[in-house]
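Visitor: Residue numbers (the numbering used here): 137 to 783. In this text, a Cβ means the ideal position worked out from N, Cα and C, and glycines have one as well. First, the structure itself, so that you have it in front of you.
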Amino acid sequence: MYSKIGKPLFISIFALILVLSVSEILIRSFFPQKSNYQCIGSNFGIPNSLKPNCTIINEFYNGFFYKIKTNAKSLRSNRVVAYKKPSNTFRILVLGDSIIFGIGVNNENLFSSVLEEKLNQKIPDKNFEVINASAPGWGPVEYYLYMKNEGYKYSPDLIIINQSIDDVLLIPQDRVDFKNLKYQQTSQDIAQITFDEVLTLPQSPSIYQLIKQGITNLSFYENFLNDFHIFILINNRLAQFGADDKKAFVKRTALYQLFENFKKKNIREVSWKVQEMEMKGPVSEESQKLIQYHYIMDSLTRLISKNNSQFLFLNSPTYQEVFQIVKKRSNYNPVITNKKKSIGLVDGMLSFHQKNVTPLLFPQDLHWSPGGHHLAAIFVFNYLLRENLIPNQAQKTQEFDLNDPLLVEQVHSANKSLTKDLNKTLIWFFNKAMIYKNQNQNSLAIETLNNYLSEYSEDENGWLELGKLQSNENEKLKAIESFHKSLDHSLEPSPKTLFLIGKNYFELKQFDNSLKYLNKSSQYKHPILPEVYNYIAMVSHRKKDFGVAEKYWKLAISENPDFPQYHRSLGNLFFDSQFYEKALAEYKKSIKLNPSQARVLTLMGLAYAKLNRLEDASKALSKALKLEPKNQIALSGLNFINTFKKE
């Protein structure tokens, strides 16, 4: 009997092992999978919370490893945190995404760990606990569910809510809906929407999510199955099925159905009004997400206030803002009724980089380096003192001096804790080059970027920034070459890069080449479009093609009517064409937007003089001289008019 059953069973097991082994070899050879396992489980009604009592070593960038350790309550912490708050303790609960969770950073170097350490050092008469309730991929919905189901148990005195630029874009539309959603069409293409309350929908796991969760919850998955590419591949495919399932669920929500109805009725704008909050937006998916974001954040802060806790929004900057690749945003507070409790980090990080080269972010990434976590904790510490968010201090505590050499060394040393060679590897050179650029050390920035690109030659952003620096150093041809390399390595043409090529050709007076790339850039809807139109107009003006120049300056004005330079340039075109009345109309618009333009006032005076309106000419030229007493054109014009009047 044994031989009849045992032999086939043995053969079946052997065959299964053989198939799995061959499959593993084939997948490793032809479809290698990269594991990004981060102790993720399902708790508190949140499908992507941290697993309890999990310890793993993860890789972030090639060769950089960091340790993740969670406690029994699924918090990223090296110690046990009891629900009951000890006496004389001020508790801070931090709700955050992967930034606050600390991808790439060990537990002891986290923002929350450093903030707790500094508070206890500087204010010894009180005990402080900073609890890190964060996980990769979290956002407003997860913050709300965590506070509702778990966070309140810790009785926090203050809750810090991290905000990232992608919070609105990543709002889970399948998790936020509205009770008794109604609308009234207030005009032909505008509808006003009302509802009773925001609904946070329960997570209903699909069969794919249940299978995936079953695999990842296996006790030996963490140390065994996670090393096998075949199981990682299955896990990734299940994640894709889950994403498809989510899209199908979104289409069943009341909000989605309402917006689909609006599209059929050609309603282009919606107005939302509930209690003291009012919002307007176009009929689009982005508008749906923005509405959901605002109201779930409002629900979150109301829940926090109901539990007698204070709250503070922490605005996390992007690397583009920190390194001045784009203009920084103003501090954004999504809760209209609470506008004061918000702190941004971009100014502090910019200020630090003006004097120090230690990178605060990972290369071309919004996640903070260990040094960034350390400095962010110092900024928040100072803010808490400044805004008196820590009550009943026995004595006045001094803020940290951000220029203190000891503090700077601590930030620098924090990065070394990740790896001894952290600041010596080429992958950090992009950040360093941007820091040198912001310190106006352009030559050093160019040299550093060239070193970076010697290894990462396919980085389109690296070539783009190198081109900008070369352009600033008047190396126009080299800049154009770098911009072309940036285009070569981009998945699709960048309108900004095309514009920069056209702009540099314009400055080289190669107008035909300039127009070629500017016209290509103008085919894309992009924030830089008004400036693209402006340069096309300038090229056309130089080529004496006044009709085309007029057309494109008017297009630039239609895109950005509040920019005085466009009105001034169009006025100059009319002046050159001897249409003085039209020129005056544009000059007046420009002056209304910026009254301190001596050059425009001078041209207005000359235009008035051409029309024999000498009194108006005299007034305009006199105003120009008040702004620029040594303006020779205005002075000569005014003297000529006064002499003419006497004669």
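Terminal residues of the continuous beta strand (DSSP E) containing T191?
Guide: Here residue 191 corresponds to residue number 55 of the sequence shown, with the count starting at 1. From DSSP, the beta strand (DSSP E) with T191 extends over 191-195.
Visitor: In this structure, what does DSSP give as the bridge partners for L229?
Guide: As a first step, residue 229 must be located in the sequence shown, where it is residue number 93. Partner(s): I267, I295.
Visitor: I'd like to know whether the C-beta atoms of I582 and K632 end up nearer to each other than 8 Å.
Guide: Taking the first residue of the sequence shown as 1, we reach residue 582 at position 446. Taking the first residue of the sequence shown as 1, we reach residue 632 at position 496. Taking 8 Å as the Cβ cut-off, I582 and K632 do not qualify as a contacting pair.
Visitor: Please name the residue in A269, G273, S291, H625 whose C-alpha comes closest to that of Y282.
Guide: Mapped onto the sequence shown, residue 282 falls at position 146. Minimum Cα distance to Y282 is reached at A269.
Visitor: Along the chain, where does the alpha helix (DSSP H) containing Y592 start, and where does it finish?
Guide: Sequence index remark: in the sequence shown, residue 592 carries index 456 (1-based). Counting along the chain, Y592 falls outside any alpha helix (DSSP H), and DSSP gives it neither H nor E.
Visitor: Can you give the Cα-Cα distance for Y588 and D595, rounded to whole angstroms?
Guide: The residue you call residue 588 lines up with position 452 of the sequence shown. The residue you call residue 595 lines up with position 459 of the sequence shown. Going from the Cα of Y588 to the Cα of D595 covers about 9 Å.
Visitor: Between which residues of its own chain and E591 is the CB-CB distance below 7 Å, once the five residues before and five after are set aside?
Guide: Residue mapping note: residue 591 aligns to position 455 of the sequence shown, counting from 1. Sequence-distant Cβ neighbours of E591 in its own chain, meaning closer than 7 Å and more than five residues away, are L562.
Visitor: For H503 and I235, which I take to be in contact (beta-carbon distance under 8 Å), what is that distance rounded to the nearest angstrom?
Guide: Indexing the sequence shown from 1 puts residue 503 at position 367. Indexing the sequence shown from 1 puts residue 235 at position 99. The pair is a contact, with the Cβ atoms about 6 Å apart (cut-off 8 Å).
Visitor: Near S732, which residues of its chain fall below 8 Å by C-beta distance, leaving aside the five closest residues on each side in sequence?
Guide: Position 596 of the sequence shown, counted from the start, is the residue given in the question as residue 732. Answer for S732: L763, listed in chain order.
Visitor: Quick one: is L154 buried, meaning 16 or more other Cβ sit within 10 Å of its Cβ, or exposed?
Guide: The residue you call residue 154 lines up with position 18 of the sequence shown. Exposed is the call here.
Visitor: Closest by CA to F517, which one among H677, T533, P506?
Guide: The count along the sequence shown starts at 1 and reaches residue 517 at position 381. The shortest C-alpha to C-alpha distance from F517 to any of H677, T533, P506 is the one to T533.
Visitor: Does the Cβ of F201 have 16 or more other Cβ atoms within 10 Å, making it buried, or fewer, making it exposed?
Guide: As a first step, residue 201 is located in the sequence shown; it is residue number 65 there, counting from the start. That one is exposed.
Visitor: By the 10 Å Cβ neighbour count, where 16 or more other Cβ atoms means buried, how is T225 classified, buried or exposed?
Guide: For the purposes of this step, residue 225 is identified with residue 89 of the sequence shown, where counting begins at 1. Exposed, since its Cβ has fewer than 16 Cβ neighbours within 10 Å.
Visitor: Considering only their Cβ atoms, is the gap separating I295 from F180 smaller than 8 Å?
Guide: As a working mapping, residue 180 is identified with position 44 in the sequence shown. As a working mapping, residue 295 is identified with position 159 in the sequence shown. No.
Visitor: Roughly how many angstroms lie between the CA atoms of D698 and T738, to the nearest whole one?
Guide: Numbered from its first residue, the sequence shown carries residue 698 at position 562. Numbered from its first residue, the sequence shown carries residue 738 at position 602. The straight-line gap from Cα to Cα measures roughly 21 Å.
Visitor: Output the distance between the C-alpha atoms of L747 and L627, rounded to the nearest integer angstrom.
Guide: Walking along the sequence shown from the start, residue 747 turns up at place 611. Walking along the sequence shown from the start, residue 627 turns up at place 491. Taking the straight line from one Cα to the other gives about 55 Å.
Visitor: Expressed to the nearest angstrom, what Euclidean distance is found between the alpha-carbon atoms of T206 and S178?
Guide: Looking up residue 206 in the sequence shown gives position 70. Looking up residue 178 in the sequence shown gives position 42. Rounded to the nearest angstrom, the two C-alpha atoms are 14 Å apart.
Visitor: With C-beta atoms as the reference, is K568 less than 8 Å away from P495?
Guide: The residue given as residue 568 occupies position 432 in the sequence shown. The residue given as residue 495 occupies position 359 in the sequence shown. Their beta carbons are under 8 Å apart, which means K568 touches P495 by this criterion.
Visitor: Along the chain, which unbroken stretches of the alpha helix (DSSP H) at least 4 residues long are found entirely within the stretch 423-458?
Guide: 455-458
Visitor: Quick check on S626: does DSSP put it in helix, strand or coil?
Guide: Counting from 1 along the sequence shown, the entry for residue 626 is found at position 490. Looking at S626 - three-state DSSP - the assignment turns out to be coil, as it is neither helix nor strand.
Visitor: So the candidates are G773, L306, L729; which of them puts its Cα closest to the Cα of L750?
Guide: Walking along the sequence shown from the start, residue 750 turns up at place 614. Residue G773 is the option with its Cα nearest to L750.
Visitor: Rounded to the nearest angstrom, what separates W564 and N397 at their Cα positions?
Guide: Stepping through the sequence shown from its first residue, residue 564 is reached at position 428. Stepping through the sequence shown from its first residue, residue 397 is reached at position 261. Approximately 50 Å, taken between the alpha carbons.
Visitor: Is the stretch 634-648 in contact with the stretch 680-696, if contact means three or more CB pairs nearer than 8 Å?
Guide: Counting Cβ pairs under 8 Å, fewer than three are found: no touch.
Visitor: Cα separation between K718 and S754?
Guide: Locating residue 718 in the sequence shown gives position 582, counting from the first residue. Locating residue 754 in the sequence shown gives position 618, counting from the first residue. When rounded, the distance between both Cα atoms is 19 Å.
Visitor: Between K656 and chain C, is the shortest Cβ-Cβ distance under 8 Å, so that the two count as touching?
Guide: Absence of chain C from the displayed structure is noted, only one protein chain being present.
Visitor: Give me the Cα-Cα distance between N316 and I204, rounded to the nearest whole angstrom.
Guide: Start at 1 with the first residue of the sequence shown, and residue 316 comes out as number 180. Start at 1 with the first residue of the sequence shown, and residue 204 comes out as number 68. Cα to Cα, N316 sits roughly 43 Å from I204.
Visitor: What does the Cβ neighbour count give for D537, buried or exposed, with the cut at 16 atoms within 10 Å?
Guide: For the purposes of this step, residue 537 is identified with residue 401 of the sequence shown, where counting begins at 1. If you draw a 10 Å sphere on the C-beta of D537, you find fewer than 16 other C-beta atoms in it, and that means exposed.
Visitor: Determine, using beta-carbon pairs with one atom in the stretch 258-274 and one in the stretch 214-229, whether at least three such pairs fall under 8 Å.
Guide: yes
Visitor: Since G177 is in the beta strand (DSSP E), which residue starts that stretch and which ends it?
Guide: By 1-based counting over the sequence shown, the position of residue 177 is 41. Looking at the DSSP string, the run of the beta strand (DSSP E) that includes G177 is 176-179.
Visitor: Taking all protein chains shown into account, do 16 or more other C-beta atoms lie within 10 angstroms of the C-beta of A379, making it buried, or fewer, making it exposed?
Guide: What you label residue 379 is simply residue 243 of the sequence shown in a count that begins at 1. Because the pLDDT at A379 is just 48, under 50, the model does not fix this residue reliably, and the value given afterwards should be weighed accordingly. So A379 ends up on the exposed side.
Visitor: Do the stretch 475-484 and the stretch 214-223 make contact, defined as three or more Cβ pairs closer than 8 Å?
Guide: no
Visitor: So the candidates are N640, D325, L486, G287; which of them puts its Cα closest to the Cα of F515?
Guide: Within the sequence shown, residue 515 is the residue found at index 379, counting from 1. For F515, the nearest C-alpha among the options comes from L486.
Visitor: Going by the DSSP bridge assignment, what does Q321 pair with across the sheet?
Guide: Here residue 321 refers to the residue found at position 185 of the sequence shown. Answer by DSSP bridge pairing, in chain order: A327.
Visitor: Assign I514 to one of three DSSP states: helix, strand, or coil.
Guide: As a first step, residue 514 is located in the sequence shown; it is residue number 378 there, counting from the start. I514 falls in the helix class under three-state DSSP.
Visitor: What's the C-alpha gap between E286 and G275?
Guide: Start at 1 with the first residue of the sequence shown, and residue 286 comes out as number 150. Start at 1 with the first residue of the sequence shown, and residue 275 comes out as number 139. Whole-angstrom Cα-Cα distance: 16 Å.
Visitor: Can you round the beta-carbon distance between L497 and V458 to whole angstroms, since I take them to be within the 8 Å contact cut?
Guide: Taking the sequence shown and counting its residues from 1, one reaches residue 497 at position 361. Taking the sequence shown and counting its residues from 1, one reaches residue 458 at position 322. Yes, they are in contact, since the Cβ atoms of L497 and V458 sit about 6 Å apart, within 8 Å.
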